[in-house]
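Structure first, then comments.
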């Protein structure tokens with residue numbers, strides 16, 4: 003039986019490359035995205051599309067699509083970056099970045115935790131911009147704050163799921 007990896011935000015960039023990598027290793031790849039790119043569609047992966055990780059209804063659809071599938075690796079990658087400066091903050095944009103970058107991965111993880119195998123792994127693709135100590139340039143408030151909050155959530159999840167060997 004193949005190992006299974008679920009990848010959110012799989013349609014381009016880092017996670018498209020991760021999908022290619024895991025396919026080359028013989029894993030069963032489940033690629034989650036809003037709209038698949040031609041590059042993703044060309045891969046031998048199961049695509050779960052029309053998933054907006056900010057919407058509980060989309061998370062429910064994802065969970066239903068996976069059913070009882072056992073997951074060995076969950077990669078939470080979906081995210082957005084908007085460029086804000088202190089002179090022109092847009093609080094709706096900042097809030098939306100929290101919805102996508104922080105609450106979205108939390109929703110996905112909560113929904114799929116029971117699908118994880120014993121010893122399974124959950125990865126959160128974050129950013130050095132989420133580091134308080136390493137902030138040397140300012141700006142990008144929503145992205146920085148949401149990735150910092152994601153780092154905190156990832157640590158809490160690691161503690162909460164440790165008894166399940168995840």
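Residue numbers (the working numbering): 3 to 168.
Here a beta-carbon is modelled for each residue, glycine too, at the ideal position from N, C-alpha and C.
>> On the DSSP letters alone, give me the boundaries of the alpha helix (DSSP H) that residue 153 sits inside.
In response: Where residue 153 is concerned, the enclosing alpha helix (DSSP H) stretches over 143-163.
>> Using a 10 Å radius around the Cβ and a threshold of 16 neighbouring Cβ atoms, would you call residue 103 buried or exposed?
In response: Counting of Cβ neighbours within 10 angstroms places residue 103 among the buried residues, the total reaching 16 or more.
>> Can you check which of these residues, 5, 160, 151, is closest to residue 73 by C-alpha distance?
In response: The shortest C-alpha separation from residue 73 is found at 5.
> Which runs of the beta strand (DSSP E), 3 residues or longer, sit entirely within the stretch 37-78?
Replying inline: Listed in chain order, they are 48-50, 73-78.
> Taking three-plus beta-carbon pairs below 8 Å as touching, is the stretch 115-131 in contact with the stretch 28-39?
Replying inline: The stretch 115-131 is not in contact with the stretch 28-39.
> Sorted by chain position, which residues of the same chain lie with C-beta nearer than 6 Å to residue 13's C-beta, five sequence neighbours on each side aside?
Replying inline: Excluding positions up to five away in sequence, the list reads 35, 38, 39, 42.
> For residue 101 versus residue 143, is the C-beta distance shorter than 7 Å?
Replying inline: Cβ distance not < 7 Å, so residue 101 and residue 143 don't count as in contact.
> In chain order, what residues of the same chain lie with their CB nearer than 6 Å to the CB of residue 83, ignoring the 5 residues before and after it?
Replying inline: Excluding residues within five positions, the ones whose Cβ falls inside 6 Å are 145.
> For the beta strand (DSSP E) that residue 34 lies in, which residues bound it at each end?
Replying inline: Membership of residue 34 in the beta strand (DSSP E) is indicated by the continuous run 30-34.
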